[in-house]
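Step one of this worksheet: look at the structure below.
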Amino acid sequence: MEKEKKMPLQKIMLICSKGTLEDVYAALVMANGAVMEGIETKMFFTFFGLDAITKKTMDKLHTSTVGNPSMRMPGGLPFPTMLGGLPGVEAGVSKMMRKQMDELDMPPVSEFLELITAGGGEIYACKLAADMFKLTKEDLSDEVTDIITVGDLYGMCDGEGVQIVFT
Amino acid sequence: MTIKTIAGVNVDVNDEGYMNDASQWNKEVAAGIAAEENVELTDQHFELFEWMREKVANGETLTLRGIGKSGVVDAKQFYKMFPGAPLKKATKIAGVPKPTSCI
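Residue numbers (this note's numbering), protein chains in the order written: chain W, 70 to 236; chain S, -15 to 87.
Here you go:
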């Protein structure tokens, strides 16, 4: 059998459709990692993912304390869902998580976007979702290149060694 | 482990070309590795290498964000100084181990 030819990844499009802290960071870490490897990187934020590139919300993202079975108390005890529903609990837990991430040198979302674009990565917003949430370019981070359609997105994904990842 | 002669110095490197012994590093060795990586070195590069080597000697992890806040360069300049894969190239030329950080 012929030896399989190696095809290194050359370009990646990461789609982020959720606005929870962990979903957004997963996409950002992957995008930043790709930029650092010299891979052409583009990000597309849609639906609640738009929170991650909206000036007002991007540095205040929350993680869900309700319906999140992996949520634990400090020390490892289970986190009761009833407790997670109390006012202020989600905000407090999210703040704590952001602090812990910062200690690991994971920057706040706004700064993370700057790091990605500093390396040549590009950030895009979904037109349909932006229309739906009534957001314009002015509401979005300065790192956002443009608000584009799905067709534009596919148009950007041409060439060899391209992957589209939906997070 | 391999011994490679760079700029007349016998340097102990791993399979990926990273130096195993930071004490074998000097400016000429850096220039030798930089030539292989197609990086042209300036005074700013060496200023950054000094900063990086000190951090590593103190047991700290190098990250893109940390380098961007080093006061020597910002993230944009860092990408420009080491086109392609900046953190990998910079650590290789600075004679420190390949970074294990994801950011």
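Ideal Cβ placement from N, Cα and C applies to all residues, glycine included.
The structure displayed is predicted, hence computed values, not measured ones.
Can you pull the chain S neighbours of residue i, defined as C-beta to C-beta under 8 angstroms?
i              : result
E191 (chain W) : Those within 8 angstroms of E191 (chain W) in chain S number zero; the least Cβ separation is about 14 angstroms.
Pick out whichever of the options has its Cα sitting closest to the Cα of residue i.
i              : options                           : result
S179 (chain W) : W:Y94, W:E73 and W:Q79            : W:Y94
A78 (chain S)  : S:F62, S:G(-8) and S:K11          : S:K11
T23 (chain S)  : S:K64, S:P83, S:V80 and S:T84     : Inspection of the sequence shows that residue 23 (chain S) is occupied by Val rather than by Thr. Among S:K64, S:P83, S:V80 and S:T84, the Cα nearest to that of V23 (chain S) is on S:K64.
L119 (chain W) : W:G145, W:C195, W:V231 and W:L146 : W:C195
F33 (chain S)  : S:K82, S:A74 and S:P83            : S:A74
D215 (chain W) : W:F202, W:V231 and W:K111         : W:K111
I185 (chain W) : W:T218, W:T123 and W:L97          : W:L97
G1 (chain S)   : S:T45, S:I87, S:K72 and S:S85     : S:K72
T236 (chain W) : W:A100, W:D92, W:L152 and W:K75   : W:D92
E212 (chain W) : W:F181, W:P156 and W:G224         : W:F181
G157 (chain W) : W:K168, W:M201, W:P147 and W:H131 : W:H131
Here's a check: name, in chain order, each residue in its chain whose Cβ is nearer than 6 angstroms to the Cβ of residue i, leaving out the five neighbours to either side.
i              : result
F113 (chain W) : I84, Y193 and L222
T150 (chain W) : V135
G16 (chain S)  : I(-10) and A(-9)
V162 (chain W) : T134
Q79 (chain W)  : G230
V56 (chain S)  : E31, L32 and W35
Can you pull the chain W residues whose beta carbon is under 9 angstroms from the beta carbon of residue i, in chain order?
i            : result
Y2 (chain S) : Those do not exist, as Y2 (chain S) stays about 16 angstroms from chain W at its closest Cβ, beyond 9 angstroms.
Give me, in chain order, the residues of the same chain whose beta-carbon lies closer than 7 angstroms to that of residue i; leave out the 5 immediate sequence neighbours on both sides.
i              : result
W9 (chain S)   : M3 and G79
T47 (chain S)  : S85 and I87
L204 (chain W) : L119 and T123
T218 (chain W) : K196
Can you name the residues of chain W whose CB is closer than 8 angstroms to the CB of residue i?
i             : result
A59 (chain S) : E183, L184, A187 and G188
Since residue i meets chain W, which of its residues come closer than 7 angstroms, beta carbon to beta carbon?
i             : result
A69 (chain S) : M105, E106 and G107
I87 (chain S) : V98, N101, D174 and M175
Name, in chain order, the residues that DSSP records as bridge partners for residue i.
i                : result
M175 (chain W)   : Answer is none; M175 (chain W) lacks a bridge partner.
I(-10) (chain S) : S:V(-7)
Y2 (chain S)     : Beta-bridge pairing links Y2 (chain S) to no other residue.
P194 (chain W)   : First, the residue type needs correcting, since residue 194 (chain W) is Ala and not Pro in the sequence shown. Note: A194 (chain W) sits in a beta bridge opposite W:F114 and W:I216.
Q232 (chain W)   : W:I81
P143 (chain W)   : Looking at the DSSP assignment, P143 (chain W) forms no beta bridge with any residue, so it has no partner.
E109 (chain W)   : W:K80
Taking 6 angstroms as the cut-off, does the CB of residue i come closer than this to any heavy atom belonging to the ligand FAD?
i              : result
T214 (chain W) : Ligands are entirely absent from the displayed structure, and the ligand FAD is therefore not among its contents.
I'd like the list of long-range same chain contacts for residue i, defined as Cβ closer than 8 angstroms, with 5 residues on each side in sequence excluded.
i              : result
M105 (chain W) : G188
Next on the checklist: Along the region 38 to 57 of chain S, where does the CB come closer than 8 angstroms to a CB of chain W? Name the residues.
Outcome noted: T45, T47, L48, R49, G50 and G52
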